[in-house]
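See structure below.
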Amino acid sequence: MSDLETFRAEARAWLEENCPAEMRTPARSDDDVCWGGRNFVFQSEAQKQWMDRCAAKGYTVPDWPKAYGGAGLSAAETKVLRQEMARLGCRSPLNSFGIWMLGPALLKFGTEEQKVHYLNQIARGEIRWCQGYSEPGSGSDLVSMQTFGEDKGDHWVVNGQKIWTSYADKADWIFCLVRTDKTNKYQGISFLLFDMTTPGVTTKPILLISGSSPFCETFFDNVVVPKDQIVGELNRGWDVAKYLLGHEREMISGMGGDGGTSAIGGAFKEMLGEEPVLRAQMALFDVDNLAFRAHGERFMDEWKTGKAHPAYSNLMKYAGTELNKRRHELVMALGGSEALEWDSERTRGGAKPRAWLRTKANSIEGGTSEVMLNVVAKRILEMPGA
Amino acid sequence: MAMILNDDQVMLRDSARDFMTSEAPVSHMRKYRDMGCKDGFAHGLWKQFAEMGFTGILIPEADGGMGMGHVEAGIVLEEIGRNLTPSPFLTTAVAAVEALKAADKAMRDRWYPGILAGDAVISVAIDEAAKHRPEKINARAERSGNGFKISGAKQFVVQGASADMIIVAARTAGAAGETDGLTLFAVDKDSAGLSMDSARLVDSSMAAQVKLDGVEVTADAVIGDVDGGWSVLTRLLDAGRVGAAAEMVGVGSGAMDMTFGYLKQRKQFDRLIGEFQALQHRAAHLYGEMEAARSITLKAQNMLDEGHKHAEQYVAAAKAKAGLACNLAVREGVQMHGGMGMTDEYDIGLYMKRDRSLNEFFGDAWYHADRVAQMNGY
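So, in structure tokens, the structure goes:
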């Protein structure tokens, strides 16, 4: 047996032993997602058990080094572990912006002290992070942001406002872009970390068209941030932010399949027989979906071997989000009038229309489709012009 | 199964690319078009293909070939597509070779050496109507003495008039619409009762309408099992479809690169037209579609090579996606070239014509999207 197959057998045995039965059923709603953090209310004992067991084993962040709370797995082993988790139907033990976003940035730009401190907290699900990037006047043109940190010797005093801060009202800490030099647009931004309970931090949820409030407005009024809570160099926070955005966009494309298929039309066979035009749309969607999954798989292979263009994740973000919006348009069309109910029990509180509306943000958050196309045209295709 | 080419495959790609661009670029295709060549390709070039080892890529090593897979065949086809190189590669070295793998040794010995030498050309006769519907094959082969008598009408037999042998799919049992009861036959071009009406297509390739009027073949002409031809035909078609997809990835990429080059040198309103965001966004979208087409095609080739249980679905998706993306590339290409795109002098129009033929060959995007739906149970 190869080393990898030995590992597969071990991982499978561990998962079978340690993953509670309840955690092997699909998540029914957002409430079933474990986000961890100081204020998180676990839905069940099993949910907490599953997170804690994985954290102890390093499996909340399997590919991080052991010193930082991971299991130190290679890329191949991580893939095997994910395959085995998928095979058993295990839920994700811990979802977190700390794992997906801040972690990779810290691994690349953080000091050893920062890595040991913050990464272990993230891996154990102790601290829930949010991201402070966009501002009311700085959306697609993010680098025009104005939130300012005034240098007071051993600390900064931060004033300003962020918007679209995901789960700011539930997060414990924020990683935040703060202007530390007003004279230099790109090289005048720093990447700061601070506690959301620091005096002067307030949040206000934004009610969305989906009826939920995953995003907040976040206000900073003379917030004191110690100088050791900066990631990377002073005024070079844009480098960290760009790296992290790349990671965020890459994440979206990380859904390459194992050659299985995942059509949404199969469940509607009877009905589609009488809807030839809708059926055709479904078929074309499935072709594009299979192509996108193969594309994601190829991109990951190229990324891991350093063959992918650095701006390629922008293309994947554009393709993946537009496809997801199309998927939910079709789900709504397949559901017909029954997919319109907004709060009935039988529709689990209007799960379909709420999910459909939520997807409309996919091509706005993390860089709009239009910005993605600009980046692809200029950086990959090297089209002329500013 | 990695979704990136290994070192050997990169070498093959580089040599195929060098070969096509030096020996058979678009000007080669123009030359044979303009002389009204009745084959639609150059036999000399086919010999050169053989010298390069291309014609034996899919032929097993035990039969004297290279024993490589659909990924490698696709690498050559992409370069063929990019240069609009006319050749019998897809029909003979891909579709026919794949079918002949199901043939007995005597038949393989009869045809493989000629293919390996670049002498033999083999066509496939499947379609019987304007649209590709292999399950509806109605040509009949009735038992007659020690062999069969084949009658029926075939069309879109690409390079049929140049072929030494034609693989004919005919019904030995059952009725049109059934997959059981089909049989594949190797029919010699000089057979009595075989007549052909060859015509030039929009892309300057040649295709024949073939009439079979009681064509007599011996039992040795059967490829695979009598009445069990569907599995051989599926093999032939999957190879042909994923091959056509690879060629369309080449055609689309060639058209796209040419168009992007044009955007970077054509000036209007005192600036390069590639500076206009309206064109940049369309260019970026097109690039994404071509990349997706390239990915699903590579995935399908890999899956065919490993005999994956979902290979057929991925081949269908690849043929559909490559068809849609390549079609977008040539339409955007002609539009973005403006008036120049309408001229015969510029090459972009030739890419549009080739796309049209390849999209129809072995079933179009709509047909294959429909198959994807069926394979998913709706």
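Chains F and G, in that order, are what the protein sequence lines are. Counted the way my numbering counts, the first sequence spans residues 8 to 393. Counted the way my numbering counts, the second sequence spans residues 4 to 381. For every residue, glycine included, the Cβ atom is placed at its ideal position computed from N, Cα and C. This structure is a prediction, so every number in the text was calculated from the model and none was measured.
On the CB-based measure, 16 or more other CB atoms within 10 Å of its CB, does residue i come out buried or exposed?
i: G/Y354; result: buried
i: F/T216; result: One detail in the question is off: residue 216 of chain F reads as Ile in this sequence, not Thr. Result: exposed.
i: G/N9; result: exposed
i: G/A222; result: exposed
i: G/W49; result: buried
i: F/S220; result: exposed
i: G/K134; result: exposed
i: G/T58; result: buried
i: F/P360; result: buried
i: F/G267; result: Interpretation of F/G267 is limited by its pLDDT of 48, a score under 50 that renders its predicted location unreliable; the figure taken from the coordinates is listed afterwards. Exposed is the call here.
i: G/S147; result: exposed
i: F/A18; result: buried
i: F/G144; result: exposed
i: G/Q271; result: exposed
i: F/S260; result: Caution is warranted here: a pLDDT of 49 is assigned to F/S260, below 50, making its placement in the model unreliable, and the coordinate value is therefore given only provisionally. Buried, by the Cβ-count rule.
i: F/Y193; result: exposed
Among the options, which residue has its Cα nearest to the Cα of residue i?
i: G/G177; options: G/I118, G/E145, G/G310; result: G/E145
i: F/Q56; options: F/K73, F/R98, F/A78; result: F/R98
i: F/G195; options: F/E372, F/Y75, F/G356, F/V247; result: F/V247
i: F/Y325; options: F/E348, F/P360, F/V378; result: F/V378
i: F/G253; options: F/M30, F/L322, F/D295; result: F/L322
i: F/Q236; options: F/M307, F/R243, F/W163, F/E282; result: F/W163
i: F/G272; options: F/A290, F/F198, F/N369; result: F/A290
i: F/D39; options: F/M307, F/M30, F/R45; result: F/M30
i: G/A179; options: G/N141, G/M343, G/D347, G/L301; result: G/N141
i: F/K211; options: F/K169, F/K86, F/T187; result: F/K169
i: F/D176; options: F/Y140, F/T204, F/L200, F/L149; result: F/T204
i: F/G342; options: F/A274, F/A34, F/T375; result: F/A274
i: G/A45; options: G/M209, G/E335, G/Q280; result: G/M209
i: F/M339; options: F/G327, F/D350, F/A358; result: F/A358
On the three-state DSSP scale, how would you describe residue i?
i: G/G231; result: strand
i: G/V160; result: strand
i: F/G239; result: coil
i: F/P212; result: strand
i: G/K108; result: helix
i: F/G266; result: The pLDDT assigned to F/G266 is 42, lower than 50, so where the model puts this residue is not dependable, and the model offers no usable value.
i: F/F47; result: coil
i: F/K423; result: Any property of residue 423 of chain F remains undetermined from this structure, which presents chain F solely from 8 to 393.
i: F/M203; result: coil
i: F/G261; result: For F/G261, the predicted structure reports a pLDDT of 45, less than 50, and the residue's modelled location is therefore unreliable. A value from the coordinates is still provided. Of the three classes helix, strand and coil, the one that applies to F/G261 here is coil, per DSSP.
i: F/D161; result: coil
i: F/M108; result: helix
i: F/T98; result: According to the sequence shown, residue 98 of chain F is Arg rather than Thr. If DSSP states are grouped into helix, strand and coil, F/R98 belongs with coil.
i: G/D200; result: strand
i: G/I153; result: strand
i: F/V462; result: Beyond the ends of chain F as shown, which are 8 and 393, falls residue 462 of chain F; an answer cannot be given.
i: F/A16; result: helix
i: F/E304; result: helix
i: G/E145; result: strand
i: G/P116; result: helix
i: F/V87; result: helix
i: G/P137; result: helix
Using DSSP's beta-bridge definition, name the partner residues of residue i.
i: G/A173; result: G/T186
i: F/W136; result: F/W180
i: G/A368; result: Answer is none; G/A368 lacks a bridge partner.
i: F/F227; result: F/G167, F/V208
i: G/S126; result: G/I169
i: F/F222; result: F/S173, F/I213
i: G/D191; result: G/M168
i: F/V185; result: F/S197
i: F/E142; result: F/S145
i: F/V338; result: Per DSSP, none; premise fails for F/V338.
Compute every distance between the C-beta of residue i and the non-hydrogen atoms of the ligand MG, then say whether any falls below 6 Å.
i: F/F182; result: Within the structure as shown, the ligand MG is missing, as the structure has no ligands at all.
Which residues of chain C have a Cβ atom closer than 7 Å to the Cβ of residue i, listed in chain order?
i: F/P283; result: Of the protein chains in this structure, namely F and G, none is chain C.
Check your understanding: Which whole runs of the beta strand (DSSP E) in the region 27 to 96 of chain G are 3 residues long or more, in chain order?
Key -> DSSP runs (the beta strand (DSSP E)) wholly in the region 27 to 96 of chain G: none.
Review point. What alpha helix (DSSP H) runs, 4 residues minimum, are completely inside the region 264 to 331 of chain G?
Key: Counting whole runs of 4 or more residues, the region 264 to 331 of chain G contains the alpha helix (DSSP H) stretches 280 to 309.
Check your understanding: What are the complete beta strand (DSSP E) segments, minimum 3 residues, inside the region 203 to 253 of chain G?
Key -> Correct list: 209 to 221.
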